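Peer 1:
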Amino acid sequence: MRKTKIVVPIMLTELAELEKVSVSDYRTADIVEWRADFLSADEILEMAPKFFEKFKESKILFTLRTVREGGNIQVSEKKYLQILQEILTYNPAYIDVEFFTHGPSFAALKDFRDKMVLSYHNFDEVPSDLTNRLIKMHEEGTAFVKVAVMPERECDVLDLLQITRDMTLEYGDHFISMAMGDLGRLSRISGYLTGSCWTFASLENSSAPGQISLKETEYILDILEK
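Following my numbering, the numbering of the sequence shown begins with 20 at its first residue and continues without gaps.
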């Protein structure tokens with residue numbers, strides 16, 4: 020049985036697109052990620068009841084990736100929190116919270132730590148303080164801790180793999196890590212070595228550079244993790 024869970028993002032840019040989405044296309048995904056940051060705040064709240072009804076048989080990860088962390092929406096702290104609070108009323112399996120960008124919102128949502136994927140995204144580098152950041156995030160006691168970083172050379176990818184392995188051995192198997200871009204693709208299929216427990220795979224359009232398709236990811240992981 021495959022150990023690594025596969026998360027498949029959905030990125031909708033307008034309300035009408037939801038009707039065209041086929042739920043059956045996502046049937047083999049362990050988790051469906053709603054990347055809501057391609058909509059406006061008002062559109063997100065309008066789409067939410069329809070989205071959760073349509074995918075009521077799926078585990079849903081709600082993600083509002085902001086511009087500062089490589090996403091597509093720029094909102095105030097107040098609006099960010101308001102959106103997450105509204106989404107929580109639909110009882111998603113998980114919500115992504117940007118810890119270093121939206122610390123006040125995290126503090127306000129601490130009662131939902133069992134649903135939280137506490138995240139940090141760096142599209143510029145693999146920061147030298149990554150281990151310290153991971154420890155700080157781990158100490159908050161959320162369901163999962165996720166980091167996505169941009170390698171500049173091969174050794175950056177290897178460093179991330181080793182850091183992830185060290186964190187998993189020391190603190191448990193709730194870490195999710197990936198190196199982005201073509202250079203980092205190995206990190207997306209090496210969870211059986213590092214302990215990274217989720218990987219993100221695309222159905223059509225990728226939500227991050229270097230993301231592998233769902234079919235390819237399933238094929239590779241079935242070989243590596245059988």
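By construction, the Cβ of each residue, glycine as well, lies at the ideal position given by its N, Cα and C atoms. Bear in mind that the values here come from a model prediction, so they are computed numbers and not experimental data.
1. Give me the Cβ distance between residue 86 and residue 114, rounded to the nearest whole Å; I'm assuming they're in contact under 8 Å.
2. Nearest-angstrom Cα distance between residue 197 and residue 39?
3. Does residue 171 come out as helix, strand or coil in the three-state DSSP assignment?
4. Helix, strand or coil: how does DSSP classify residue 55 here?
5. So, using beta-carbon positions, are residue 213 and residue 236 closer together than 8 Å?
6. Under DSSP, the beta strand (DSSP E) around residue 137 begins and ends at which residues?
7. So, using beta-carbon positions, are residue 149 and residue 168 closer together than 8 Å?
8. Please report the straight-line C-alpha distance between residue 68 and residue 172, rounded to a whole angstrom.
9. For residue 44, list the residues DSSP reports as bridge partners.
10. So what does DSSP say about residue 117, is it helix, strand or coil?
11. Give the DSSP-derived three-state secondary structure of residue 221 in the structure shown.
12. Nearest-angstrom Cα distance between residue 42 and residue 183?
13. In the segment 59-90, which residue ranges form an unbroken alpha helix (DSSP H) of at least 4 residues, counting only runs that do not cross its ends?
Peer 2: Based on what the coordinates show:
1. For the purposes of this step, residue 86 is identified with residue 67 of the sequence shown, where counting begins at 1. For the purposes of this step, residue 114 is identified with residue 95 of the sequence shown, where counting begins at 1. About 19 Å separates the two Cβ atoms, so there is no contact after all.
2. On the sequence shown, position 178 is the one that residue 197 refers to. On the sequence shown, position 20 is the one that residue 39 refers to. Spanning the two alpha carbons is a distance of roughly 30 Å.
3. Reading the sequence shown from its first residue, position 152 is the one you call residue 171. Coil at residue 171, not helix or strand.
4. Indexing the sequence shown from 1 puts residue 55 at position 36. Collapsing the DSSP output to three states places residue 55 in a helix.
5. For the purposes of this step, residue 213 is identified with residue 194 of the sequence shown, where counting begins at 1. For the purposes of this step, residue 236 is identified with residue 217 of the sequence shown, where counting begins at 1. In this structure, residue 236 does not lie closer than 8 Å to residue 213 by Cβ.
6. Within the sequence shown, residue 137 is the residue found at index 118, counting from 1. Membership of residue 137 in the beta strand (DSSP E) is indicated by the continuous run 135-141.
7. As a working mapping, residue 149 is identified with position 130 in the sequence shown. As a working mapping, residue 168 is identified with position 149 in the sequence shown. Taking 8 Å as the cut-off, the beta carbon of residue 149 is found closer than this to the beta carbon of residue 168.
8. Translated into the one-based positions of the sequence shown, residue 68 becomes position 49. Translated into the one-based positions of the sequence shown, residue 172 becomes position 153. Rounded to whole angstroms, the gap between the alpha carbons of residue 68 and residue 172 is 43 Å.
9. Translated into positions along the sequence shown, residue 44 becomes position 25. According to DSSP, which records beta bridges pairwise, residue 44 is partnered with nothing at all.
10. Counted from its first residue, the sequence shown places residue 117 at position 98. Note: residue 117 maps to strand in three-state DSSP.
11. Taking the first residue of the sequence shown as 1, we reach residue 221 at position 202. When secondary structure is reduced to three states using DSSP, residue 221 falls in the strand class.
12. Along the sequence shown, read from residue 1 onward, the residue named residue 42 stands at position 23. Along the sequence shown, read from residue 1 onward, the residue named residue 183 stands at position 164. Distance between the alpha carbons of residue 42 and residue 183 is about 33 Å.
13. Inside the segment 59-90, DSSP marks whole alpha helix (DSSP H) runs of 4 or more residues at positions 60-73, from first to last along the chain.
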